[in-house]
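Residue numbers (our numbering), protein chains in the order written: chain D, 1 to 278; chain S, 1 to 278; chain L, 1 to 278; chain A, 1 to 278. Following: one structure in structure tokens, then a few remarks.
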């Protein structure tokens, strides 16, 4: 008996649920959970089912292919650990949260390496027996630096996600394209407020009563990628921007880990620069 | 073209989704939204679909009956305004929130009457051209008082819900049975904390840092019915219990109105003293 | 015995608390509550005390003046109902929330009138025996329209606050200057995200997972005034922008009423385009 | 120049603020922050000031003693790292959160040791170069087991706090008395709901829509000690109790670390089984 995650995305049309559930029924599969959503604005259909039963992955995929129209995206996934690379700079909280969860067995992931532009976190990461690769940006222009990082990363096979756990440098379009749809970032504001540098200082200057954090996929427009998860906390006039930064760390790490978990469990669809999350 | 809400509840079995979606497909119905849930502990299946198309309600119900096992609960509902009675005592906030929403056209409801054991809210309710019935409990024992209320309510036909908008008297089993599964209450704590009288005073005495409100269906055990919605707010040492009460009102009214809206839109299933909400 | 709110704002200097508490002590006043804050960035001191005792307001103010430096702002306020004008357009929720609270005696306010550019809410407001003044903007340019509104408002004496309860037109600098520091607005986003028109549509298009509302004082820069209160709610991919708008109303009304209450209770200081709230 | 935290607690009386601020003024001290609260029900006054200036701790304490009545509790504290012992059982999340914060320099604390009744977390804790002491409860009655733990702990001097980071055994009154007012626990529910064992199972069975966590000082009544911090998250019918447990961990660790931080920064007063937190 095997368990599969079935992800279907297509232009909406009458009968998709009928066709899919017919396939499941004919294969004698148990539906453990089932979520559907139609984005009416874009006429787009999304479905995630978890099924179990005595069927082969390829066979199930084939059966779905046979009944669904050719423009349908069909993924049948057998749950397994995904391979991730973490990128960080100097801060420990978001990185540490992922490392501890990994250690506790909470994540369906192999952490292949941590890459940083500083060596500051090396001794910390080493505790967890995970390779730490320092790629200093000193004396390098942005592209040279990134080329070195890309080279480091590409030594590893089958990378599923690159997690930016407070990696504090802007990525070039080349980097983003190289790892398209695979880069998950945490931005330390409730986007789209306070795009860019030092959002806590911006929030302090604006006098907001709420600060937040946003995890999103990275595309070429800075802080403009599809949002996966957001969370906020209340602040008041007594918070300096340093206080906001300190307090904000708790939200940042929880939101990034939550987004990563959603990705590892194949719960996220991306369409029209938005996410559908089941 | 008609739009229907289809609610299905049954013991879980392979093929229900397949059978239901086959019926929808054969009737050429569009699925506007679709939610399913299996309560594995109780082996219970729940489904709510909104469909539209050119089919008759009775016919659709019949088709579903034909394919589903006889122990299945099937409801096909054409959206329409439901009839509600509101019961209150002396406080205006929860009642007022419902009356303003009703006035603004936010609720799929006809408010038939407001029943209270005091006349305090009469002039307020009269502004909204809704009958106000005072049934004083003075010189009556609990059952006599309730009998008079029941009599008042039963003058109205087809009552869908009785909404207790801070009705501050305990209901007898007889009352609850008379309007079984129809009574929605707001309790001014995050149940099951602070069951019973004056929960804000209890919360203050315990020194909690969070207070809340809970909307639930009423059954015979005081404050033990199936929970529909809950919400909380933060408090601190500077709150007296009167402050908590004042602040709590905002949560109470929002939670009660939210629960009422879910009921009016046929989004709630009740099973094993819990709710499944789509 | 009288109760006073004492508000002090000054450039920070050693000894202010000492001097103020000496005055309170010498007048044999009881301190019921006391809050202080130093904005270190701007070297600015804020203090709000509630005192009671057998002293005259003018006398207390004089004593404070005698010991504090001449650049200090000192306000001694005897709590009383403040006069407010509400401006609205077509939506009932925020206006209704204030009217019901007023009716319930929750607000330290006299509502002098509701002014709108449409007559849509007239019958609703009339229920509450509050004057409703329609000032249509049809066939008028922005300034002509506002001049008529200003004229209406200025017929009333001693206006403390003008509350924009979803008044959907942009105010000119002239209007804002006429009622400087007195205008409280509710904006239907967590500012500074989604400044300008239709923030729910903007939020939907961006695919955010959280929406919010912001109450702020109005100054000449649209949606840029000092923020008083903010609140948010979670949304997901299944929310259309109309759903966001519907759900957002609950936050809007609670936040606006909360901000209004803070203003009525003299709890807000404004400095450097931010608020200090005690 | 030194910085001190001044904590004052006394029966409320006119003039305390005056007297304290006079002392600060006479010592030429700068008040960096100042918080006061009067618990009217218990007629109890609380004050926390942070001052800096050129004064000796003992001298300042003496000056305050001279002017305040003899029943006043006065503490003048020079900020320094406090000594803590962590107790855990098998779960890594709350413990790990503290260890990572400690590593990142976020906590004013020396972690002297981690004590557990299992060796499961030993290799994890060892990464952080912190002593791990396994005191198995096997073949020991509760008191024998605790005696061994007490002995272990008392080998360390000057213990300020004992942090129960999901230590899953009930403590005896003897243990609690030995470390009176020093034990901080995290309970995995929003107390007082779901006191006792397996609160997530209890929450699941009750069908709540919100779960939470509570950090509190431990006294002799199980889960009845003064509450320091609470936080909640929303759940729905689709959460099994295992899902609640998983999701709840994020709240547990954040709340415990927040409470610990408040304690380390001397921000908590305890009176009448409640906390006053500045």
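Note that CB positions come from ideal geometry on N, CA and C, so glycine has one too.
Residue-chain proximity (residue i, chain L), Cβ-Cβ < 8 Å
i                      : result
residue 113 of chain D : no
residue 213 of chain D : no
residue 232 of chain D : yes
residue 103 of chain S : yes
Outcome for residue i when other beta-carbon atoms lying within 10 angstroms are tallied against a minimum of 16
i                      : result
residue 9 of chain A   : buried
residue 70 of chain D  : exposed
residue 197 of chain A : exposed
residue 5 of chain L   : buried
residue 274 of chain A : buried
residue 272 of chain S : exposed
C-beta neighbour in chain A for residue i, strict 8 Å
i                      : result
residue 17 of chain S  : no
residue 275 of chain S : yes
residue 285 of chain L : Residue 285 of chain L is absent from the model: chain L starts at 1 and stops at 278.
residue 269 of chain L : no
residue 236 of chain S : yes
Simplified DSSP assignment, three categories, for residue i
i                      : result
residue 116 of chain A : strand
residue 191 of chain D : coil
residue 96 of chain L  : helix
residue 7 of chain D   : strand
residue 67 of chain L  : helix
residue 49 of chain L  : strand
residue 146 of chain D : helix
residue 269 of chain S : strand
residue 153 of chain D : helix
residue 101 of chain A : helix
residue 124 of chain S : helix
residue 176 of chain S : helix
residue 60 of chain A  : helix
residue 159 of chain S : coil
residue 167 of chain D : coil
residue 220 of chain S : coil
residue 75 of chain A  : strand
residue 274 of chain D : strand
residue 130 of chain A : coil
residue 238 of chain A : coil
is_contact[residue i, chain D] using C-beta, thresh 8 Å
i                      : result
residue 129 of chain L : no
residue 88 of chain A  : no
residue 229 of chain A : no
residue 14 of chain S  : yes
Residue i beta carbon near the ligand GDP (any heavy atom closer than 7 Å)
i                     : result
residue 54 of chain A : Among the ligands in the structure shown, none appear at all, so the ligand GDP cannot be discussed.
Within-8 Å CB hit, residue i to chain S
i                      : result
residue 100 of chain L : yes
residue 21 of chain D  : yes
residue 34 of chain D  : yes
residue 92 of chain L  : yes
residue 96 of chain L  : yes
Start and end residues, alpha helix (DSSP H) containing residue i
i                      : result
residue 244 of chain A : 241–264
residue 203 of chain S : 199–206
residue 280 of chain D : No answer is possible for residue 280 of chain D: it lies beyond the span of chain D, which begins at 1 and ends at 278.
Where the beta strand (DSSP E) through residue i begins and ends
i                      : result
residue 16 of chain S  : Segment 16–26 is the alpha helix (DSSP H) holding residue 16 of chain S; no beta strand (DSSP E) there.
residue 231 of chain A : 227–234
residue 30 of chain A  : 30–39
residue 87 of chain D  : 82–88
Practice task
Check each residue of the segment 172–200 of chain D: if its Cβ is closer than 7 Å to any Cβ of chain L, include it; give the result in chain order.
Solution key: 190, 192, 193
Exercise for the section: Could you list the residues in the segment 117–151 of chain S with a C-beta less than 8 Å from some C-beta on chain L, going in chain order? Expected result: 124, 127, 128
Problem - Residues of the segment 246–258 of chain S with Cβ closer than 7 Å to any Cβ of chain L, in chain order - result: 250, 254
Problem - Interface residues of the segment 36–48 of chain D facing chain A [CB-CB below 8 Å] - result: none
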